[in-house]
Amino acid sequence: MQSERVAHNEVGGVTNKVMWIWVATKSRKGLWWKPDNRSVPNVLGQVVNPTMGGRQVAPAIEEQDCKLNTAKGLLDWKGRFGYISVPTVYFKDKWVKRGLTSKELCDVLDVPGGLSDQVSEDRRN
1 MQSERVAHNE VGGVTNKVMW IWVATKSRKG LWWKPDNRSV PNVLGQVVNP
51 TMGGRQVAPA IEEQDCKLNT AKGLLDWKGR FGYISVPTVY FKDKWVKRGL
101 TSKELCDVLD VPGGLSDQVS EDRRN
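Once you know that position 16 of the sequence shown is 16 in the working numbering, the rest is easy, because the numbers rise by one and skip nothing.
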């Protein structure tokens with residue numbers, strides 16, 4: 001069994017989580033997979049629902065505003081049950097601060113749609 005540390009955002013994910021991938025192989029050449037640096041970077045804003053409301057906050061406009069837990073940055077894995085700042089269809093010039101829904105958390109983790117539909121809000125943790 002071989003292992004390698006992989007950052008979720010290096011393989012198309014929207015979190016800053018670093019995890020171990022374990023691979024069982026008959027090959028003695030080592031792991032054949034490496035992150036593809038040509039992939040398009042993903043951000044949290046690609047998986048959130050813009051029809052959700054929340055408390056109004058200023059939008060992230062500048063490059064320095066593209067930080068963790070904003071629509072233009074990644075989800076901080078340790079703070080995944082905290083607040084995020086994202087755009088909404090209800091305010092033209094403001095974003096909202098709110099928690100992720102269960103479906104959004106499943107989307108962050110790349111859970112297939114059929115399975116994420118079965119997760120209820122009370123089983124979020």
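Glycine residues also receive a C-beta, built at the ideal position from the N, C-alpha and C atoms.
Note that the structure is a prediction, hence the values are computed from the model and not measured.
Between the region 41 to 49 and the region 92 to 107, the count of Cβ pairs shorter than 8 Å is three or higher; the stretches touch. Ranked by how close their Cα comes to the Cα of residue 42, the residues 108, 91, 100 and 21 have 108 in first place.
Of 69, 110, 16 and 2, the smallest CA-CA separation from residue 100 is found for 69.
With contacts defined as CB atoms closer than 8 Å, residue 22 and residue 5 fail to qualify as a contacting pair. Annotated as proximal: residue 86 and residue 45, with beta-carbon spacing under 8 Å.
Following the DSSP letters along the chain, one finds residue 4 inside the beta strand (DSSP E) bounded by residues 2 to 7.
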